Structures are given as C-alpha cells and as structure tokens.
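Notes for the one structure printed next.
Numbering (full-length UniProt numbering), first residue to last: 1 to 155.
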C-alpha cells in the first residue's frame, strides 16, 4: 500500500499533474499565438528539433512510451497540419524518416518557450534538491514500468 494508505494515490497524482501541466503549457502557447497545437504535438516537435540524426516513428514510440497505433495517428495528424513530412530513406524505401517543416520549426520554437515558462513556475515551487529528488523518483517509476512492460511482451 502507498505511504498515504490510499489505493491509486500515486497514479492519480501523476495524472493530475500531467493534466495541469498540459493545461499550463497550452495556456502559455496560446498567449504566444499558437492555439491549434496539442501539447503532445509540441513534445514531438521538440523531440524532432533536438534530435541529432534521423528520427523514425519507432523512436517516438520508445521515447514517449506510447503505442505504435497512437504514434501513427499523431504523425498523420501532424502531417495534415503541415508540421512534419515523411521522407523515404535511401537504404530502405519502406522506411520513412520524420522531418520538420518550416511551420513545424516555428511552432516548435513557440512551444519550447511555453514549456520553459511553465518549468520556471515549477522551479519556484520546488527547491533544487526537491526537483532532483522528484526526477530521481519519477524516473525510477518509469524505468520499473518499462522493464515490467518489456518482460510482459517477452512472455
């Protein structure tokens, strides 16, 4: 049982923080003139902007821990909105890398500013030691869940 003796307390708090954080980022982005971008699209655009090499759909699946079908739908939507395009790879015509468009980069810069603004608010809520501890714990939970999921896939 959890420290607070509440069933589901950790998951509920993580979900609530995720929801509130997305709302804050969306509000900041909207104030900066970007209204039609979902937070997930923003995260993916940011991932593509920071990538040092080619990025494929499977990279997004593993980085964000989301299913193949979900990523397929997100990529189709982002393509339709003009944020990304899929390009064939010389070595394998079936393989498509994801590439940001000019519009995608512009949106990415705005979303990055919105995320930074939101994270600054977090910095004001937690001390540096609390932030480090929180990240350590949340990463430990994620790693444990990823290992558990990988184990389940092998069985």
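Note that the Cβ used here is the ideal one computed from N, Cα and C, for glycine as well.
Here the structure is a predicted model, which is why all the values come from computation and not from measurement.
(1) Give a yes or no on whether the C-beta atoms belonging to residue 28 and residue 106 are separated by under 8 Å.
(2) Rounding to the nearest angstrom, what Cα-Cα distance links residue 85 and residue 34 in this structure?
(3) Roughly how many whole angstroms lie between the Cα atoms of residue 49 and residue 100?
(4) In the DSSP assignment, what are the bridge partners of residue 86?
(5) Step through the CB atoms of chain B and report whether any lies within less than 8 Å of the CB of residue 83.
(6) Would the segment 62 to 77 count as touching the segment 34 to 48 if we require 3 or more Cβ pairs under 8 Å?
(7) What's the C-alpha gap between residue 144 and residue 9?
(8) Do residue 75 and residue 103 have their CB atoms nearer than 8 Å?
(9) Reducing DSSP to helix, strand and coil, say where residue 16 ends up.
(10) By Cβ distance below 8 Å, which residues in the same chain neighbour residue 131 in space, the five residues on each side in sequence not counted?
(11) Measure the C-alpha to C-alpha separation of residue 72 and residue 135 and round it to an integer number of angstroms.
Judging by the given coordinates:
(1) 8 Å or more divides the Cβ of residue 28 from the Cβ of residue 106.
(2) A straight-line Cα-Cα distance of about 20 Å links residue 85 and residue 34.
(3) Residue 49 and residue 100 have their C-alpha atoms roughly 8 Å apart.
(4) According to DSSP, which records beta bridges pairwise, residue 86 is partnered with 98.
(5) Annotation note: the requested chain B is absent from the structure, which comprises a single protein chain.
(6) Three or more beta-carbon pairs separated by less than 8 Å link the segment 62 to 77 to the segment 34 to 48, which places the two stretches in contact.
(7) Approximately 18 Å, taken between the alpha carbons.
(8) Cβ atoms of residue 75 and residue 103: not closer than 8 Å.
(9) Under the three-state reduction of DSSP, residue 16 is assigned to helix.
(10) Close CB contacts of residue 131 within its chain, under the 8 Å cut and outside five residues either way in sequence, are with 122, 123 (chain order).
(11) Each residue's alpha carbon lies about 29 Å from the other.
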